[in-house]
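Student:
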Amino acid sequence: MEGINSLMYGFSVVLSPYNMVLMFVGVFLGIIVGVLPGLGGANGVAILLPLTFTMPPASAIVMLSCIYWGALFGGAITSILFNIPGEPWSVATTFDGYPMAQQGRAGEALTTSFTASFFGALCAVIMITFIAPAVANFALEFGPPEFFSVYFLTFCSFIGMGKEKPFKVVVSMMIGFALAAVVIDIVTGQLRLTFGFTELLRGFSFLIAVIGLFGIGEILLSMEEGLSFTGKTARINPKVVLETWRKLPRFWGTALRSMVIGCWLGVTPGGATPASFMAYGVAKRISPDGAKFGTGQMEGVVAPEVANNAAGTSALLPMIALGIPGSPTAAVLLGGLLIWGLQPGPLLFKEQPDFVWGLIASMYLGNIATLILVLTCVPLFAAILRIPFSIIAPVIIVICAVGAYTVNNAQSDIWYMLVFGVVGYVFKKLDYPLAPLVLALVLGDMAESAFRQSMLIAAGDLRIFFSNWLVGSITGLALFALFWPLIARLIARLRASRSEQAAL
Amino acid sequence: MPFYVGSIICIGSIINLIQAATASIPAGRRIFVEWGALRRVFAVLVPAALFVIGIHLVGIYVSALVYIAAFMIWIGKYSWHKGLAVGFGVSFALFLMFEVWFQVLLPKGAYNILGYFGY
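Chains as they are written, first to last, in my numbering: chain A, 403 to 906; chain B, 150 to 268.
See below:
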């Protein structure tokens with residue numbers, strides 16, 4: 403019941419006219435960002451972050467998180483109408499969404515996807531409302547070893563659970579750590595890795611990395627492919643919406659399963675993209691219409707959309723409760739906290755209740771606002787995509803440059819952004835994942851200080867990470883995640899040999 | 150710390166190299182990038198670099214105007230008045246948003262042309 407009281411308090415913070423306007427502005431910008439190629443949740447939030455410096459933190463986070471909701475919903479519009487996923491997490495939506503649009507059922511597909519997104523996000527927010535305070539309370543007991551083991555779990559699950567080759571994840575992550583290590587050795591206070599260049603004394607801001615890697619890199623990639631957008635038109639009227647809503651309750655089983663998958667992969671840092679693929683795969687296997695998937699089944703739109711929004715939303719749980727982001731976008735929001743002068747971590751619930759409960763309340767309202775906006779404005783957003791790429795590309799690069807400059811008011815950052823853009827392009831071509839690099843850049847300092855503090859406590863004895871059941875189980879879980887590819891291969895081999903025996 | 154990080158990068162890269170060298174690559178993916186595609190990539194990258202140099206010289210607003218207009222005219226094959234209109238519109242919108250409404254100052258370069266208008 404305490405949760406509900408705090409939530410009501412949060413609503414009282416958010417429900418001011420100023421915040422409501424910011425909310426709609428945020429959602430609107432977010433959908434545009436989600437629809438445009440080259441701009442996504444992470445870099446959209448990073449670019450707009452400087453605009454919020456003068457706002458009170460609660461209003462700032464309302465606007466930024468609403469940009470994120472908008473981007474989560476908006477990615478589906480391009481997948482369904484244009485067969486181009488605006489965001490990596492909406493790739494699975496194209497499998498059944500685009501065929502539906504081809505059959506002239508675009509309105510139905512969009513309504514399905516928005517409603518499913520809304521359901522997924524809502525479930526995740528309810529989970530956050532009740533679980534996050536408990537997790538934060540629990541984490542108040544954490545010392546440096548516990549915190550390091552949680553960071554370690556984050557990094558290991560990226561290596562073991564990612565789609566990419568484990569060693570590519572390792573290299574990408576370590577480059578992030580190397581960039582994070584520039585400037586100051588936190589324990590001894592000495593300068594390091596600056597090689598005498600005064601320009602390097604500011605270090606590398608991860609916001610610049612996000613804007614360059616995801617924004618400029620994506621533009622270069624789409625330019626290489628020479629995209630021309632040809633899409634289906636969609637008109638949504640209340641009749642289509644109501645008819646679709648009447649059909650949707652049949653898929654409650656799929657929705658629930660996908661919701662659980664999404665929440666789970668969102669909290670453990672797996673992210674929205676694997677969640678949407680996994681949910682699609684599971685739905686295909688379990689559904690009686692599984693064989694027809696890929697030809698325009700509503701169920702095939704419901705599954706990935708519920709999962710990716712549930713995952714994207716629940717990725718904020720570790721960010722709020724522990725100060726550890728589960729996705730690049732959550733990392734950018736975390737960077738925002740630091741800039742607004744808030745210390746992320748379990749104490750946030752006690753010290754800044756306005757901020758935390760305002761954020762959670764804005765998740766409920768923001769999702770409702772997004773649902774209303776997307777259902778009413780689809781033709782407008784689809785029209786944005788018809789603007790030729792040779793206009794969009796320079797405009798996006800200009801916007802990225804403005805965003806990169808305003809982070810630190812430094813012109814050299816714009817150059818770094820271009821360099822990161824080229825790196826992002828090459829990484830994408832070679833199948834190196836970008837998210838681990840960004841997370842390592844954000845968490846590098848914090849993870850290092852947690853590690854070195856625990857080493858100081860234990861006088862260099864690594865056994866401190868197994869010294870009580872709490873650290874021990876988290877570290878154990880991390881090692882399990884790290885070696886998961888090997889374990890999975892072993893299980894597969896055992897199973898294969900057993901089935902051979904059975905065949906004999 | 151940096152030493153260990155560097156060593157892990159080296160070890161990881163060697164393993165990746167071995168995996169890449171021994172893996173069989175499907176025929177369609179052997180080439181990293183085609184020449185035509187590379188030219189399109191540079192068509193974005195080089196003007197973008199010029200744009201950043203322009204920021205140092207004449208500031209972000211003027212540079213953005215010229216960059217968007219030039220990109221549309223040469224690469225998008227638009228007529229010059231369309232290019233100029235979009236370029237002007239975008240940088241004017243940026244100007245209003247940052248300089249006037251949110252009061253975030255953007256770089257105006259060594260040769261500030263907007264100075265003649267009182268900014």
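Glycine included, each C-beta is placed from N, C-alpha and C at the ideal position.
Does the beta carbon of residue 242 of chain B come closer than 7 Å to any beta carbon on chain A?
Tutor: Position 93 of the second sequence, counted from the start, is the residue given in the question as residue 242 of chain B. With 7 Å as the cut-off, residue 242 of chain B does not count as an interface residue toward chain A.
Student: State buried or exposed for residue 690 of chain A, treating a residue as buried only when at least 16 other CB atoms are found within 10 Å of its CB.
Tutor: Taking the first residue of the first sequence as 1, we reach residue 690 of chain A at position 288. When all chains shown are included, residue 690 of chain A counts as exposed.
Student: Helix, strand or coil for residue 788 of chain A, going by three-state DSSP, please let me know.
Tutor: One-based indexing of the first sequence puts residue 788 of chain A at position 386. Coil at residue 788 of chain A, not helix or strand.
Student: Along the chain, where does the alpha helix (DSSP H) that runs through residue 418 of chain A open and close?
Tutor: In the first sequence, counting from the first residue as 1, residue 418 of chain A sits at position 16. From DSSP, residue 418 of chain A is part of no alpha helix (DSSP H); its letter is neither H nor E.
Student: Taking only beta-carbon atoms, is residue 188 of chain B less than 7 Å away from chain A?
Tutor: Counting from one through the second sequence, the residue named residue 188 of chain B turns up at place 39. No, its Cβ sits nowhere closer than 7 Å to a Cβ of chain A.
Student: What three-state label does DSSP hand residue 869 of chain A in the structure shown?
Tutor: In the first sequence, the residue the question calls residue 869 of chain A occupies position 467. Looking at residue 869 of chain A - three-state DSSP - the assignment turns out to be coil, as it is neither helix nor strand.
Student: Measuring only the C-alpha atoms, how far is residue 982 of chain A from residue 818 of chain A?
Tutor: Missing from the structure shown is residue 982 of chain A; chain A here goes from 403 to 906 and no further.
Student: CB residue 193 of chain B to CB residue 625 of chain A, shorter than 7 Å?
Tutor: Translated into positions along the second sequence, residue 193 of chain B becomes position 44. Translated into positions along the first sequence, residue 625 of chain A becomes position 223. Going by C-beta atoms, residue 193 of chain B is nearer than 7 Å to residue 625 of chain A.
Student: Just to confirm my understanding: we take residue 526 of chain A, look at its own chain, exclude 5 residues before and 5 after, and list those with CB closer than 6 Å. What are they?
Tutor: The sequence position of residue 526 of chain A within the first sequence is 124, counting from 1. Here the set comprises 665, 712, 715, 716.
Student: Rounded to whole angstroms, how far is the Cβ of residue 561 of chain A from the Cβ of residue 571 of chain A, which I believe are closer than 8 Å?
Tutor: Residue 561 of chain A sits at position 159 when you count from the first residue of the first sequence. Residue 571 of chain A sits at position 169 when you count from the first residue of the first sequence. That pair is a contact at about 5 Å.
Student: For a contact defined as C-beta to C-beta under 9 Å, what are the partners of residue 807 of chain A on chain B?
Tutor: Position 405 of the first sequence, counting from 1, holds the residue named residue 807 of chain A. Neighbours of residue 807 of chain A on chain B, chain order: 204, 209, 255, 256.
Student: If you compare alpha carbons, which of A:763, A:483, A:814 is closest to residue 529 of chain A?
Tutor: Stepping through the first sequence from its first residue, residue 529 of chain A is reached at position 127. It is A:763.
Student: Please list, in chain order, the chain B residues whose beta carbon lies closer than 8 Å to that of residue 572 of chain A.
Tutor: Mapped onto the first sequence, residue 572 of chain A falls at position 170. Simply 157, 161.
Student: Would you mind giving the Cβ-Cβ distance between residue 773 of chain A and residue 425 of chain A, rounded to the nearest angstrom? I have them listed as a contact below 8 Å.
Tutor: Locating residue 773 of chain A in the first sequence gives position 371, counting from the first residue. Locating residue 425 of chain A in the first sequence gives position 23, counting from the first residue. About 13 Å; that fails the 8 Å criterion.
Student: Would you verify that the beta carbon of residue 195 of chain B is, or is not, closer than 7 Å to some beta carbon of chain D?
Tutor: This model lacks chain D altogether, as its protein chains are A and B.
Student: Cutting at 7 Å between CB atoms, please list the residues of its own chain near residue 432 of chain A, excluding the five before and the five after it.
Tutor: The sequence position of residue 432 of chain A within the first sequence is 30, counting from 1. Excluding residues within five positions, the ones whose Cβ falls inside 7 Å are 446, 468, 469, 470, 471, 472, 473, 476.
Student: So with CB distances below 7 Å, who are the chain A contacts of residue 170 of chain B?
Tutor: As a first step, residue 170 of chain B is located in the second sequence; it is residue number 21 there, counting from the start. Chain A residues near residue 170 of chain B: none, gap ~13 Å exceeds 7 Å.
Student: By the 10 Å Cβ neighbour count, where 16 or more other Cβ atoms means buried, how is residue 198 of chain B classified, buried or exposed?
Tutor: One-based indexing of the second sequence puts residue 198 of chain B at position 49. Exposed: under 16 other Cβ atoms inside 10 Å.
Student: Could you give the residue range of the alpha helix (DSSP H) that holds residue 646 of chain A?
Tutor: By 1-based counting over the first sequence, the position of residue 646 of chain A is 244. From DSSP, the alpha helix (DSSP H) with residue 646 of chain A extends over 640 to 649.
Student: Entirely within the segment 524 to 589 of chain A and at least 3 residues each: give me those beta strand (DSSP E) ranges in chain order.
Tutor: Listed in chain order, there is nothing to give.
Student: Looking at residue 450 of chain A: is its Cβ nearer than 7 Å to the Cβ of residue 482 of chain A?
Tutor: The count along the first sequence starts at 1 and reaches residue 450 of chain A at position 48. The count along the first sequence starts at 1 and reaches residue 482 of chain A at position 80. No. Outside cutoff.
Student: Contact check, residue 518 of chain A vs residue 669 of chain A under 8 Å by CB: the rounded distance?
Tutor: Position 116 of the first sequence, counted from the first residue, corresponds to residue 518 of chain A. Position 267 of the first sequence, counted from the first residue, corresponds to residue 669 of chain A. Their Cβ separation, rounded to whole angstroms, is 20 Å, which puts residue 518 of chain A and residue 669 of chain A out of contact at 8 Å.
Student: What in chain B is Cβ-close to residue 622 of chain A, meaning under 8 Å?
Tutor: Here the question's residue 622 of chain A lines up with position 220 in the first sequence. Result: 190, 193, 194.
Student: For chain B, find out if any of its Cβ atoms is closer than 7 Å to the Cβ of residue 799 of chain A; answer yes or no.
Tutor: Stepping through the first sequence from its first residue, residue 799 of chain A is reached at position 397. It does: the Cβ of residue 799 of chain A has a partner Cβ on chain B nearer than 7 Å.
Student: Can you grab the Cα-Cα spacing for the pair residue 744 of chain A / residue 459 of chain A, in whole Å?
Tutor: Taking the first residue of the first sequence as 1, we reach residue 744 of chain A at position 342. Taking the first residue of the first sequence as 1, we reach residue 459 of chain A at position 57. Computed Cα separation, rounded: 8 Å.
Student: Against chain A, does residue 220 of chain B count as a neighbour if the rule is that its beta carbon must be under 7 Å from one of theirs?
Tutor: If you number the second sequence from 1, residue 220 of chain B lands on position 71. It does: the Cβ of residue 220 of chain B has a partner Cβ on chain A nearer than 7 Å.
Student: Using 8 Å for Cβ pairs, my map puts residue 203 of chain B next to residue 212 of chain B. What's the rounded Cβ distance?
Tutor: Residue 203 of chain B sits at position 54 when you count from the first residue of the second sequence. Residue 212 of chain B sits at position 63 when you count from the first residue of the second sequence. Confirmed, Cβ separation roughly 3 Å.
Student: Can you tell me the Cβ-Cβ gap for residue 619 of chain A and residue 834 of chain A, rounded? I've got them flagged as a contact below 8 Å.
Tutor: On the first sequence, position 217 is the one that residue 619 of chain A refers to. On the first sequence, position 432 is the one that residue 834 of chain A refers to. So it is not a contact: roughly 11 Å between Cβ atoms.
Student: Could you say if the segment 677 to 684 of chain A and the segment 727 to 740 of chain A meet the contact criterion of at least three C-beta pairs nearer than 8 Å?
Tutor: No, they do not touch.
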